[in-house]
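**Q**
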Amino acid sequence: MDLLNLKYLQQDSVQESEHDYHIEATSNGSSQYCLDCGSSHTVGFGRKRQLFMDAPVRGKRVGIWVDRRRLRCKQCGKTFMEPLPEMHDRRQATRRLVQYIERESLRRTFASIAEDVGFDEKSIRNIFRAYVNRLEKEVRFETPRWMGIDEIYIVKKPRCVISNIEHQTIVEVLPNRNKPTVIKRLQTLPDKEKVRYVAMDMWNPYRDAVNTVFPQARIVIDKFHVVRMANQCLDTVRKNLRVELTSRQRRGLMHDRFVLLKRRRDISDEDYLKLSGWTVNYPSLGAAYDAKEAFYGIWDMDNRPDAESAYEIWCGSLSDEMRDAFKPILTAIGNWHTEIFNYFDHPITNAYTESLNNLIRVMNRLGRGYSFEALRAKILFTEGVHTVKKPKYPKRRATMEDSMFAYKTFSRIIDIERETNYGAQISTLISLIENGDL
Numbered sequence: 133m134d135l136l137n138l139k140y141l142q143q144d145s146v147q148e149s150e151h152d153y154h155i156e157a158t159s160n161g162s163s164q165y166c167l168d169c170g171s172s173h174t175v176g177f178g179r180k181r182q183l184f185m186d187a188p189v190r191g192k193r194v195g196i197w198v199d200r201r202r203l204r205c206k207q208c209g210k211t212f213m214e215p216l217p218e219m220h221d222r223r224q225a226t227r228r229l230v231q232y233i234e235r236e237s238l239r240r241t242f243a244s245i246a247e248d249v250g251f252d253e254k255s256i257r258n259i260f261r262a263y264v265n266r267l268e269k270e271v272r273f274e275t276p277r278w279m280g281i282d283e284i285y286i287v288k289k290p291r292c293v294i295s296n297i298e299h300q301t302i303v304e305v306l307p308n309r310n311k312p313t314v315i316k317r318l319q320t321l322p323d324k325e326k327v328r329y330v331a332m333d334m335w336n337p338y339r340d341a342v343n344t345v346f347p348q349a350r351i352v353i354d355k356f357h358v359v360r361m362a363n364q365c366l367d368t369v370r371k372n373l374r375v376e377l378t379s380r381q382r383r384g385l386m387h388d389r390f391v392l393l394k395r396r397r398d399i400s401d402e403d404y405l406k407l408s409g410w411t412v413n414y415p416s417l418g419a420a421y422d423a424k425e426a427f428y429g430i431w432d433m434d435n436r437p438d439a440e441s442a443y444e445i446w447c448g449s450l451s452d453e454m455r456d457a458f459k460p461i462l463t464a465i466g467n468w469h470t471e472i473f474n475y476f477d478h479p480i481t482n483a484y485t486e487s488l489n490n491l492i493r494v495m496n497r498l499g500r501g502y503s504f505e506a507l508r509a510k511i512l513f514t515e516g517v518h519t520v521k522k523p524k525y526p527k528r529r530a531t532m533e534d535s536m537f538a539y540k541t542f543s544r545i546i547d548i549e550r551e552t553n554y555g556a557q558i559s560t561l562i563s564l565i566e567n568g569d570l
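Below is the structure:
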């Protein structure tokens, strides 16, 4: 049985052990042209036995020992090893093994692949890096019209994530969220003039980067980042209240804290009784809950003027105690007023916010045993995760006319538009991570 199935190698013998196949092979001598000058006048100049690893067969490693000829050119005098077209130029491996490692490196750890194929982990890492460098050049993501700049913790560090909000895809993951890193990457994007809106968290380096690279774009702060601050302020009041409580009361307040975070319109009758018990007996907690609810109400407004007016009323309604408790919100809106209220002119879909939050939630499952570089490649380049738009069917044919006889000698249909790749679909990434397939 021919385990090799390689056109330019002849299998001479096979030995099978518990973990491996050992194959002896020789070249069929398909080409004896000089690699330097191209002359066909070459002669044998010795032989060398070389080991090349191949893709696993039936769960076993495969090593091919090739009795390879050395040739000498009579024309130029250069010596060279006979060509082996199915072997990789820079690896002691078949081309199909390198392709196998490339595919597997986006879904498995380097250590597991190394054990699988008989390479050391460093070789797997080098193949992976070369593969990713090639993908970086070959895969071009469309520059978003509606761009999102957020952060996700990957391998215990915050990483900047650039997304396409309209198509709910990821187009880049950066090693950090520093301004120089973000600016450098944004400047490499094609068609920068296409970017009209950029949604982000309240992080000054992001704002500076966008203003530098996309001066025409309007920055929008997603309301999710703003309203959650109200819950954080309320929770601070709750924590400060604990010093006045008995141990039993503190445990009860800890258990009921989720009721305080709910909107009043969403609580059940049972939750209402719990809420009333705390807010009536502890006025500062009741005032903080009312302030939180009123702040949420600002984002229920239909337009910007009404929202800005509601915010001014809300600020004026705060007591000195509540003004101190909600100071983080007052400071944030003071620093980001324009960008925050831009939301009412250009609201971000809840679907995008929810999908990104779900991705953040499951990312910690992905980080074990992988470097940041490997995780970034998994997110951006795993097969099947991209949202791709095919070009429209061409409505004309490309023709070539014979200049002498003035009639069409042949015609062919050509693609006028190119395929559009919007990036890695967030929902697909979440599904793959949850199923353990990424």
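Taking this note's numbering, the leading residue of the sequence shown gets 133, the next gets one more, and so forth.
Glycine is no exception: its CB is placed at the ideal position from the N, C-alpha and C atoms.
Would you kindly work out how many angstroms separate the C-alpha atoms of Tyr338 and Glu471, rounded to a whole number?
**A** 12 Å
**Q** Would you be able to state if there are at least three C-beta pairs under 8 Å between the region 260-274 and the region 503-520?
**A** yes
**Q** In terms of alpha-carbon separation, which member of Leu306, Tyr329, Thr174, Ile315 lies closest to Arg277?
**A** Tyr329
**Q** Helix, strand or coil, according to DSSP, for Arg228 in the structure here?
**A** helix
**Q** Who are the near neighbours of Ile430 in its chain, counting only those whose CB is closer than 6 Å to its CB and skipping five residues on each side?
**A** Beyond the five residues adjoining it in sequence on each side, Ile430 comes within less than 6 Å, by CB distance, of Ala439, Ala442, Tyr443 in the same chain, given in chain order.
**Q** To which residues of the same chain is Gln142 closer than 7 Å at the C-beta, ignoring the five residues directly before and after it?
**A** Ala157, Thr158, Asn160
**Q** Along the chain, which unbroken stretches of the beta strand (DSSP E) at least 3 residues long are found entirely within the region 463-514?
**A** None, since the region 463-514 contains no complete beta strand (DSSP E) of that length.
**Q** For Asn474 versus Ile351, is the C-beta spacing smaller than 9 Å?
**A** yes
**Q** Roughly how many angstroms separate the alpha carbons of Glu274 and Thr485, rounded to a whole number?
**A** 20 Å
**Q** With a 10 Å radius around its C-beta and 16 neighbouring C-beta atoms as the bar for buried, classify Glu214 as buried or exposed.
**A** buried
**Q** Out of curiosity, what's the CA-to-CA distance linking Ser543 and Arg550?
**A** Note that Ser543 scores a pLDDT of 47, beneath 50, so its modelled location is shaky; the value from the coordinates is reported in the next line. Cα to Cα, Ser543 sits roughly 20 Å from Arg550.
**Q** Alpha carbons only, please: which of His518, Asn567, Gly568, Pro523 is nearest the one belonging to Ile98?
**A** Residue 98 lies beyond the range of the chain shown here (133 to 570); nothing can be said about it.
**Q** In whole angstroms, what separates the C-alpha of Pro523 from that of Cys365?
**A** 50 Å
**Q** Within its chain, find whatever has a CB closer than 7 Å to the CB of Ala457; leave out the 5 residues flanking it on each side and keep chain order.
**A** Answer for Ala457: Cys365, Thr368, Val369, Ala420, listed in chain order.
**Q** Looking only at its own chain, which residues have a Cβ that is under 8 Å from the Cβ of Ala515, when we skip the five neighbours before and after it?
**A** Here the sequence assigns Glu to residue 515, which means Ala is not the residue at that position. The residues are Arg235, Leu238.
**Q** Drop a sphere of 10 angstroms on the beta-carbon of Arg193, count the other beta-carbons inside from all chains shown, and report buried for 16 or more, exposed for fewer.
**A** buried
**Q** Within the continuous beta strand (DSSP E) that includes Ala341, where are the two ends?
**A** Per DSSP, Ala341 belongs to no beta strand (DSSP E); it is in the alpha helix (DSSP H), 336-345.
**Q** What does DSSP give as the partner residue(s) for Glu304 in the beta ladder?
**A** Ile294
**Q** Using DSSP's beta-bridge definition, name the partner residues of Phe184.
**A** Ile196
**Q** Do you know offhand how far Arg272's Cα is from Val198's?
**A** 40 Å
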